[in-house]
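Asks: Okay, handing you the structure first.
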Amino acid sequence: MTLLSESEQQQVAAAIKRIERDTDAELVTVLAARADDYTYISLLWAGMLALLGPGVINYYPLWLNAHELLLTQWLTFIVLSLLFKVPAITTRLVPQRVRHWHAANLARRQFLELKLHHTEGGTGMLIFVSEAERYVEILVDHGISSQLSDETWAAIVSDFTMAVRRGETLQGFLTCIAACGEVLRQHVPVTRLRNELPDHLVILT
Numbered sequence: 001m002t003l004l005s006e007s008e009q010q011q012v013a014a015a016i017k018r019i020e021r022d023t024d025a026e027l028v029t030v031l032a033a034r035a036d037d038y039t040y041i042s043l044l045w046a047g048m049l050a051l052l053g054p055g056v057i058n059y060y061p062l063w064l065n066a067h068e069l070l071l072t073q074w075l076t077f078i079v080l081s082l083l084f085k086v087p088a089i090t091t092r093l094v095p096q097r098v099r100h101w102h103a104a105n106l107a108r109r110q111f112l113e114l115k116l117h118h119t120e121g122g123t124g125m126l127i128f129v130s131e132a133e134r135y136v137e138i139l140v141d142h143g144i145s146s147q148l149s150d151e152t153w154a155a156i157v158s159d160f161t162m163a164v165r166r167g168e169t170l171q172g173f174l175t176c177i178a179a180c181g182e183v184l185r186q187h188v189p190v191t192r193l194r195n196e197l198p199d200h201l202v203i204l205t
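Per the UniProt record's numbering, the very first residue in the sequence shown carries number 1; after that it's consecutive.
Here it is as structure tokens:
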């Protein structure tokens, strides 16, 4: 699945290049389709509803014998398991707090896997988006956090999150990168040209 087209990904990369000319920050962007497949959630819901089936059937006498009740349970479980695997449905079955917890964990794993914590001066910065969870987070290394508090990014993240909810992920990226660039130019200005990390958008499908 392609979350952004090739030309849209190039727009994001170009936006990163523009702001990195004026700051020592090493910016990396990651776009994930979803933070988890939540298979256990779909199975849990299907199992619970299948177990409730006999009680509902017994409440409304349908004169089914034990074999027919068991068969009904199994069919209910199989059908619901398949139905609940549809991403649009699965996401709605998972509490927001759980979805955001998974997305936050994935963001932190990406920060480490992409070696944003190994940049010279600790100026790595990650803009992370998980579309299914409608989750946006900005993570920065110590070289930036020592200059700027986490509250600096709150409004930028909020605006980006709203853009993702509207289905405007590309524009959200471009606006977010530009807004981050304005802040970084002032507080983490360029001291020498370097490019330690790739500028392209990392896609997780």
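Glycine residues also receive a C-beta, built at the ideal position from the N, C-alpha and C atoms. Note that the structure is a prediction, hence the values are computed from the model and not measured.
For I89, which residues from the same chain have a beta carbon less than 7 angstroms from its beta carbon, with the 5 sequence-adjacent residues on both sides left out?
Replies: Reading the sequence shown from its first residue, position 89 is the one you call residue 89. Around I89: L83.
Asks: Considering only the alpha carbon of each residue, which of R134, L44, L112 lies closest to residue 212?
Replies: Because the chain spans 1 through 205 in this model, residue 212 falls outside it and cannot be assessed.
Asks: Rounded to whole angstroms, what is the Cα-Cα separation between V28 and R194?
Replies: On the sequence shown, residue 28 is found 28 positions in, with the first residue counted as 1. On the sequence shown, residue 194 is found 194 positions in, with the first residue counted as 1. Those two C-alpha atoms are separated by around 14 angstroms.
Asks: Using only alpha-carbon positions, find the residue among V202, I19, E6 that is nearest to V190.
Replies: Residue mapping note: residue 190 aligns to position 190 of the sequence shown, counting from 1. The option with the nearest alpha carbon to V190 is I19.
Asks: Determine the burial state of V157: buried for a count of at least 16 other Cβ atoms within 10 Å of its Cβ, exposed for fewer.
Replies: Here residue 157 corresponds to residue number 157 of the sequence shown, with the count starting at 1. With 16 or more Cβ atoms within 10 Å of its Cβ, V157 is classed as buried.
Asks: Tell me the DSSP bridge mates of T23?
Replies: On the sequence shown, residue 23 is found 23 positions in, with the first residue counted as 1. Per DSSP, P189.
Asks: Terminal residues of the continuous alpha helix (DSSP H) containing G124?
Replies: As a position in the sequence shown, residue 124 is number 124, starting the count at 1. Note, G124: premise wrong, no alpha helix (DSSP H); beta strand (DSSP E) at 124-130.
Asks: Is Y135 helix, strand or coil by DSSP?
Replies: As a first step, residue 135 must be located in the sequence shown, where it is residue number 135. Of the three classes helix, strand and coil, the one that applies to Y135 here is strand, per DSSP.
Asks: Assign M1 to one of two classes, buried (16 or more other C-beta atoms within 10 Å of its C-beta) or exposed (fewer than that).
Replies: Counting from one through the sequence shown, the residue named residue 1 turns up at place 1. Residue confidence is low: M1 scores 45 on pLDDT, short of 50, so the model does not pin down where it sits. No coordinate-derived value is stated.
Asks: Given F160, which residues of its chain have a CB within under 6 angstroms of its CB, disregarding the five upstream and five downstream residues?
Replies: Sequence index remark: in the sequence shown, residue 160 carries index 160 (1-based). Hits under 6 angstroms: V136, G172, C176.
Asks: If we count the other Cβ atoms within 10 Å of its Cβ and call it buried at 16 or more, is G124 buried or exposed?
Replies: Stepping through the sequence shown from its first residue, residue 124 is reached at position 124. Per the 10 Å Cβ criterion, buried.
Asks: According to DSSP, is L4 part of a helix, a strand, or is it coil?
Replies: Here residue 4 refers to the residue found at position 4 when the sequence shown is read from its first residue. It is coil, neither helix nor strand.
Asks: Please report the Cβ distance between R34 and A132, rounded to the nearest whole angstrom; I am assuming they are in contact, meaning their Cβ atoms lie under 8 angstroms.
Replies: The count along the sequence shown starts at 1 and reaches residue 34 at position 34. The count along the sequence shown starts at 1 and reaches residue 132 at position 132. The Cβ separation is near 4 angstroms, so the contact holds.
Asks: From T119 to E196, what does the alpha carbon distance come to, in whole angstroms?
Replies: Along the sequence shown, read from residue 1 onward, the residue named residue 119 stands at position 119. Along the sequence shown, read from residue 1 onward, the residue named residue 196 stands at position 196. Those two C-alpha atoms are separated by around 7 angstroms.
Asks: With distances taken between CB atoms, is the gap from D199 to K17 smaller than 9 angstroms?
Replies: Here residue 199 corresponds to residue number 199 of the sequence shown, with the count starting at 1. Here residue 17 corresponds to residue number 17 of the sequence shown, with the count starting at 1. Contact: yes.
Asks: Nearest by alpha-carbon distance to L51: which of V30, G143, L31, L75 is it?
Replies: Here residue 51 refers to the residue found at position 51 of the sequence shown. Minimum Cα distance to L51 is reached at L75.
Asks: Helix, strand or coil for L49, going by three-state DSSP, please let me know.
Replies: One-based indexing of the sequence shown puts residue 49 at position 49. The answer is helix: DSSP assigns L49 an H, G or I state.
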